[in-house]
Amino acid sequence: MENMNIVLCGLGGQGILFMTKILAQTAIGKGIPVMGAETHGMAQRGGSVVSHLRLGEVEGSLVRAGTADILLALEGNEAYRSLPYLGRGGRMYVNVSPKGFPSPEVASYLEKHNMVCRCTEAGKVAMEHGSPMSSNLALIGFFSAFNEGPFTFVDLRETIERISPEKFRETNLKIFDACHQ
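For what it's worth, the working numbering labels the leading residue of the sequence shown as 7, then goes sequentially.
Below, the structure is given as C-alpha cells:
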C-alpha cells in the first residue's frame, strides 16, 4: 500500500477522536503502520478538533498542507477551515446537506485541483436512529461506501464492533450500517 494521509475535523464533542481510533485500529488490524496526532483547540467548549492520521511508512505524525488524500469533516465550516490540508486529487466527506455545499467559490477550487466533495447529512441519520451524538459513525459509514484506501466496509464494521463500548455497540453498528449505501 502507498502511504495515505487522512485529516479528520469537527467540533469538540462530535467524536473526532473515536473516528480516528476506528480508522487507526482498522489499519493496524491489516498490518499497516500508523502514525497520528490530534490538535484540540477549545475542544471542551465546542471548538475545533483536528486529527491527523498517516498510514504506511511515514516520518512524522502531522499531515502537511496540500498532502491529505482524505478529509473527513463533521461540520461544514470545519471542512472549509481544513481544506488547505487536502492535496490535489483528494476526497472530502462532509456532514452537511449537499444543497449549497460547497459554496461556488470552493467548488471551483475543488474542480481546479481535481478534488471530490461528497456530502451526507450524517447528523440527520444519527438523529433518525435515536442517537444524535453519533453523526461520526454515520459519516464513517458513508465514507466506507466508496472503498477509499485500505478500508472496506467489512473491515471498518468489524473494528467498530470490537472497540465500541458494549452499551453503545448495537447503536453504533446500526448507525454505521445506515449510511453505507
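Ideal Cβ placement from N, Cα and C applies to all residues, glycine included.
- In the structure shown, Met41 adopts extended strand secondary structure according to DSSP, grouped into three states.
- In the three-state reduction of the DSSP assignment, Met10 falls in the strand class.
- Just so you know, the alpha carbons of Gly96 and Asn11 end up roughly 10 angstroms apart.
- Per DSSP, Ser141 is one residue of the alpha helix (DSSP H) stretching across 141 to 150.
- When DSSP states are grouped into helix, strand and coil, Val112 belongs to the helix group.
- Three or more Cβ pairs drawn from the segment 22 to 33 and the segment 136 to 146 lie within less than 8 angstroms of each other, which places the two stretches in contact.
- At a Cβ-Cβ threshold of 8 angstroms, Ser57 and Glu65 do not count as neighbours.
- One thing to note: Gly129 has its Cβ no nearer than 8 angstroms to the Cβ of Ser137.
- In its chain, beyond the 5 residues on either side, Val13, Cys15, Val56, Leu77, Ala79 have a beta carbon closer than 7 angstroms to the beta carbon of Ser88.
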